[in-house]
Amino acid sequence: MHHSFTPGPVHLFRLGAGTDIAEGLLDFATTNGIEAAWVSYLGAVRRAAFRYYDQEGLEYHDLVVDEHLEVLTGVGNISLLDGKPFLHSHAVFGDSTGKAFGGHIAVGCEVFSLEVRIEVLDGDAPQRAFDGTTGLSLWK
Ligand code: ZN
2 MHHSFTPGPV
12 HLFRLGAGTD
22 IAEGLLDFAT
32 TNGIEAAWVS
42 YLGAVRRAAF
52 RYYDQEGLEY
62 HDLVVDEHLE
72 VLTGVGNISL
82 LDGKPFLHSH
92 AVFGDSTGKA
102 FGGHIAVGCE
112 VFSLEVRIEV
122 LDGDAPQRAF
132 DGTTGLSLWK
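Position in the sequence shown (from 1) plus 1 gives the number in the numbering used here.
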C-alpha cells in the first residue's frame, strides 16, 4: 500500500479543558471535511484512557490512569473507514514522577489543555479494511 499526497493546509488549534482527545480530534476532521491527515499534539490531561493490542489474542486491553498527566507526545492519522473519517492515534503520557507510559488512544482521555497540529494531505485518502492476520482495520 502506497499513497502520495500534496501537502494541504496545516491547522493549529487547542482543545480545552474537559474535551475528550479522540472525540475532539475526530470532530475537527469531520467538521472540516478532512479525510487524510497527519496529527500531532502535546499538553496535559486530567485522566488518560488508552489500549494495548494483544498480538496473540488479537484483542485490545483497556488501561485507564486516573491522574493528572503530561501528554509528552501524541501522534496520529486520519483516514477513511466505511467512507467516514477515522482517527488512529497513540500517545505517551508522563506522571508526577516523570515516569512515562502510553498506548493506543481510547475515548476517555480528559483534556486539561492540548495543543494540536493537523497537517491535511491532499489526494486519495487511504481506506481501512479488516485484516484477518492482525484482526485490525488496516490501510488497504
Ligand atoms: Zn493503534
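C-beta atoms are modelled at their ideal positions from N, C-alpha and C, and glycine is treated no differently.
Beta bridge counterpart(s) of residue i as assigned by DSSP
i    : result
I106 : F51
Alpha-carbon spacing of residue i relative to residue j, whole angstroms
i    : j    : result
T74  : L88  : 16 Å
F86  : A38  : It is worth fixing the name first, because residue 86 is Pro in this sequence and not Phe. The alpha-carbon atoms of P86 and A38 are separated by roughly 10 Å.
G19  : R47  : 8 Å
A130 : C110 : 26 Å
I79  : S97  : 31 Å
Exposure label - residue i; buried when at least 16 CB within 10 Å
i    : result
A101 : exposed
G99  : exposed
P127 : buried
E36  : buried
D21  : buried
Closer than 7 Å: residue i CB and nearest the ligand ZN heavy atom
i    : result
H62  : no
H105 : yes
Q4   : In the sequence under discussion, the amino acid at residue 4 is His, which differs from the Gln named in the question. Every heavy atom of the ligand ZN is 7 Å or more from the Cβ of H4, so no.
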